[in-house]
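Undergrad:
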Amino acid sequence: MGLNPLRFIKENLTIKPSYWNQIIYSLLGDLVGRDSSGEIAKGQRLGTPDTPWNELWVEKIILKNNLLDPHQKEKTKQVVYSGYTSTNSNRSDFMQITENGIMIKGTPPLFYSINGIDDKTLDKDLLIDMKYTITAEERTSRECTIFNIYYQGGQWTEYEGEDGTTLELIDVGDKIKESVNQLVSLAIEENTTGEWGEILTGWLKVKNEHYYLEEVKRGIFNCKRKKLFQKHKAVMLNLCSIFLSDKQQAITSLSTPLWSISKPSSSPPPLYWFDLVNGNWNMANNDGLYTPIEIIFIGFAVFDFNKCLYCRSVDFSAAFSDKNDCDLLIENNKIISTKHNIAVSVYGQMLKFINQRIEFIKEKTLAPTSLYFLYISDKMQTIITHEKPYREDFMNGFYHPKEAWRCLGEVYTNDLGEFDLINCSRYNNHLSDEFAYIYHEISSTDYNETLRKSFLLETYAAKFNANKKLSEPITLTRPLNILNSDKRFLKLDNNSILLLCGTYEISIQIAEGEGIEKSSLCLTADLVDLESSKLPLYGISSKGVTATLEGSFKLKAPARLKVEQTITEAIEGASIAFKASGKIFRFLTIKITRLKD
11 MGLNPLRFIK ENLTIKPSYW NQIIYSLLGD LVGRDSSGEI AKGQRLGTPD
61 TPWNELWVEK IILKNNLLDP HQKEKTKQVV YSGYTSTNSN RSDFMQITEN
111 GIMIKGTPPL FYSINGIDDK TLDKDLLIDM KYTITAEERT SRECTIFNIY
161 YQGGQWTEYE GEDGTTLELI DVGDKIKESV NQLVSLAIEE NTTGEWGEIL
211 TGWLKVKNEH YYLEEVKRGI FNCKRKKLFQ KHKAVMLNLC SIFLSDKQQA
261 ITSLSTPLWS ISKPSSSPPP LYWFDLVNGN WNMANNDGLY TPIEIIFIGF
311 AVFDFNKCLY CRSVDFSAAF SDKNDCDLLI ENNKIISTKH NIAVSVYGQM
361 LKFINQRIEF IKEKTLAPTS LYFLYISDKM QTIITHEKPY REDFMNGFYH
411 PKEAWRCLGE VYTNDLGEFD LINCSRYNNH LSDEFAYIYH EISSTDYNET
461 LRKSFLLETY AAKFNANKKL SEPITLTRPL NILNSDKRFL KLDNNSILLL
511 CGTYEISIQI AEGEGIEKSS LCLTADLVDL ESSKLPLYGI SSKGVTATLE
561 GSFKLKAPAR LKVEQTITEA IEGASIAFKA SGKIFRFLTI KITRLKD
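Read in order, the letters of the sequence shown are residues 11 to 607 in the working numbering.
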């Protein structure tokens, strides 16, 4: 072993040849396996599962007599390696708001690369003084209204616009209309305080002369998602793109940058275009022609009429992975944990739990009958919060809007604000379609004359007329008493089915009944908002044929569903429908499938 000291290498910084030379002179000789006495021996391992090696930087690696040359590894052309991070995680946070604009923190140094030529370093804070003033006349042209008759401030509206849904806009001002196909930020007006509420950022689109905000990101800036109402007023603010040049200079633009494989064909063309084929930024001149420019995109900032409200820097480059072995296990109504010996990639860092588990412990008061999300940070902290994650494709997982926290699952609280032992779902790699069967059944030993009469229509004799039609329909809420599944996306409660948010398929069958001429089957929901108007679902039976109901729907909020049967024609003394199976009378069978989103 040599005595030369090794220079400190910043995490995620590219290792240059000079660094490899230091390792050569510091590690003289080969790394070999040794037995417990220290003697060289074949078949010995370096490290153990309990104490694995973290990082190994070497000059040469020989694998089965073949040399692996680390210099042949292709380098990313546009990348920010490291810099200032947030207090709660290692998420990049090198853009800070100042009184007049933005400060790009260079302390600690911000390391980045432009076009893969040379590594750049910003080692001092860079101030960007800028204000975007808006006149009263221009403000009017920036106003619009978010419209939907279902937006009544329900809890689910905190997430509306995300996950493929859209926000329809009416009373759209001329300045907004000029921003079609641009990335825009709309600020919700807080009428009671005169201040801005939530910032909605998404792509402005027009279809059949109707304006929409699509691919909306809510909560990515330092503001909370808020409930929406059907005629919420909004104002378009200035969304500024910020770049850093190879000369350590900042460049700002109100034009939405474009990332694409082919050169933009829109008119007017975007000012800045990132060529995904060649991996470099280009700038349009007065003739609309693009020429390469030595810059790197580092983030967005939102300005209102006189100051910067919010900003967000780009994420650091890391080896993001979808690795996630975490299945959630229910300990009790205060603890949710995972199994032992698992791994999960969080913000490019592989967290391994050897002979230990991840625990989510209810340490604070949680609201009753509410949905919560379970996160783990890149610093191995567990967090329980109401804030919903995003599916971040480039990170290969569900992540918190503002922090480097990966979401492992969701849980619904009961009436006491405790973890519901049924309604808990995981967010891991192998999430697939889940099935659950619900029955209404009784055993033959519990079946007696009193119970038999309760299932006969003879008690309704006064309601029959000569043609077998009931003078008034008999509507029954079907009892639900058996859940044949360990799936946690639903539970039974007071003859109803409580479902979490999600997409479902459902199939319901009622057993044949003697003397029932005609009846209908209906699945209803109490106070639920749906993305499609497919509830209630109906099924019809006649002359004893089994009533079957099938359909699908998507819940945007947890919902309570009930199964009802309405009998309109029957013979006096007819049974309300049962079918014996061994020693069991089964009156109802429901199959619920939760589809993978």
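Where a beta carbon is used, it is the ideal one built from N, C-alpha and C, also for glycine.
1) Using beta-carbon positions only, say whether Ser347 and Phe370 come within less than 9 Å of one another.
2) Check the DSSP bridge columns for Leu426 and list the partner residues they point to.
3) Going straight from the alpha carbon of Lys412 to that of Val89, what length do you get?
4) List the endpoints of the continuous alpha helix (DSSP H) containing Thr150.
5) Would you mind reading off the limits of the alpha helix (DSSP H) that contains Ile50?
6) Is the separation between the beta-carbon of Leu565 and that of Tyr449 shorter than 9 Å?
7) Give me the residue from Ser380, Asp314, Ile594 with the minimum Cα distance to Ile492.
8) Taking Lys187 as part of the alpha helix (DSSP H), name the residues at either end of that continuous run.
9) Among Ile305, Cys336, Ile368, Val190, whose alpha-carbon lies nearest the alpha-carbon of Thr262?
10) Would Phe313 and Met113 be called neighbours here (beta carbons separated by less than 9 Å)?
11) DSSP puts Met360 in a beta bridge; with which residues?
12) Going by DSSP in three states, Thr117 sits in which element: helix, strand or coil?
13) Leaving out five residues before and five after Ala580 in sequence, what residues of the same chain have Cβ atoms less than 6 Å from its Cβ?
14) Do Ser506 and Leu531 count as a contact pair if the criterion is CB distance below 9 Å?
15) With C-beta atoms as the reference, is Glu172 less than 9 Å away from His242?
16) Using three-state DSSP, classify Phe383 as helix, strand or coil.
17) Use the C-beta contact count for Ile196: other C-beta atoms within 10 angstroms, 16 or more gives buried, fewer gives exposed.
18) Spell out the partners DSSP gives Ser96 in its beta bridges.
19) Suppose you measure from the CA of Phe231 to the CA of Cys321; what does that come to, to the nearest Å?
20) Check Thr603 in the structure and name its three-state DSSP category.
21) With H, G and I counted as helix, E and B as strand and the rest as coil, what does DSSP make of Phe104?
22) Return the CA-CA distance between Val287 and Cys233, expressed in angstroms with no decimal places.
23) Sort out for me which residues DSSP pairs Met246 with in a bridge.
24) Would you call Arg604 buried or exposed, if buried means 16 or more other Cβ atoms sit within 10 Å of its Cβ?
25) Can you confirm whether the segment 115-129 touches the segment 151-166 when touching is taken to mean that 3 or more C-beta pairs between the two stretches lie within less than 8 Å?
26) With DSSP as the reference, identify every bridge partner of Gly212, one or two as the case may be.
27) Short check: CB of Gly419 to CB of Phe383, under 9 Å?
28) I need the DSSP call for Met390, collapsed to helix, strand or coil.
29) Relative to the C-alpha of Gln259, which residue among Ser46, Lys115, Gln391, Thr460 is closest?
30) Which same chain residues, not among the five before or five after Ser151, have their C-beta less than 8 Å away from its C-beta?
31) Over the uninterrupted beta strand (DSSP E) stretch that includes Tyr221, give me the two end residues.
32) Just checking my contact of Val190 with Val216 at CB under 8 Å: how many whole Å lie between their CB atoms?
33) Considering only C-alpha positions, which residue in the set Glu178, Pro568, Ala567, Ile518 is nearest to Tyr548?
34) Identify whether Asp456 lies in helix, strand or coil by the three-state DSSP scheme.
35) Could you have a look at Phe231 and say whether DSSP puts it in helix, strand or coil?
36) Could you give the residue range of the beta strand (DSSP E) that holds Val312?
TA: Concretely, from the data shown:
1) A distance below 9 Å separates the beta carbons of Ser347 and Phe370.
2) Looking at the DSSP assignment, Leu426 forms no beta bridge with any residue, so it has no partner.
3) Distance between the alpha carbons of Lys412 and Val89: 20 Å.
4) That run of the alpha helix (DSSP H) goes 146-151.
5) Note, Ile50: premise wrong, no alpha helix (DSSP H); not H, not E.
6) No, the Cβ-Cβ distance between Leu565 and Tyr449 is not below 9 Å.
7) Taking only the C-alpha atoms, the option nearest Ile492 is Ile594.
8) Boundaries of the alpha helix (DSSP H) harbouring Lys187: 184-187, taken from the DSSP string.
9) Distances from the alpha-carbon of Thr262 to those of Ile305, Cys336, Ile368, Val190 put Ile305 closest.
10) No.
11) For Met360, which the question treats as bridged, DSSP gives the partners Ser355.
12) Of the three classes helix, strand and coil, the one that applies to Thr117 here is coil, per DSSP.
13) The beta carbon of Ala580 sits closer than 6 Å to those of Leu467, Gly525, Ile526, Glu527, all from its chain and outside the five residues before and after it, given in chain order.
14) Contact: no.
15) No, they are not a contact pair.
16) Residue state, collapsed to three classes: strand.
17) The question names Ile, but residue 196 is Leu in the sequence shown. Sixteen is the threshold: when 16 or more other Cβ atoms of the shown chains lie within 10 Å of the Cβ of Leu196, as they do, the residue is buried.
18) DSSP links Ser96 through a beta bridge to no other residue.
19) Phe231 and Cys321: Cα-Cα distance of roughly 6 Å.
20) Thr603 sits in a strand when the DSSP states are folded into three classes.
21) For Phe104, the three-state secondary structure derived from DSSP is coil.
22) The straight-line gap from Cα to Cα measures roughly 35 Å.
23) For Met246, the beta-bridge partners assigned by DSSP are Leu196.
24) With 16 or more neighbouring CB atoms inside 10 Å of its own CB, Arg604 falls in the buried class.
25) The segment 151-166, when compared against the segment 115-129, does not touch it at the 8 Å Cβ threshold.
26) DSSP, once it has assigned bridges, lists Val194 as partnering Gly212.
27) Against a cut-off of 9 Å, the Cβ pair of Phe383 and Gly419 comes out as a contact.
28) It is coil, neither helix nor strand.
29) Looking at the Cα atoms, Lys115 is the closest of the given residues.
30) By the criterion of a C-beta distance shorter than 8 Å, Ser151 is surrounded in its chain by Gly183, Asp184, Lys185, Ile186, once the five residues flanking it on both sides are discounted.
31) 220-228 is the span of the beta strand (DSSP E), which, as asked, contains Tyr221.
32) Right, the Cβ-Cβ distance comes to about 5 Å (below 8 Å), so this counts as a contact.
33) When the alpha-carbon of Tyr548 is set against those of Glu178, Pro568, Ala567, Ile518, the nearest one is in Ile518.
34) Note: Asp456 maps to helix in three-state DSSP.
35) Here Phe231 sits in coil by DSSP.
36) First-last of the beta strand (DSSP E) with Val312: 305-313.
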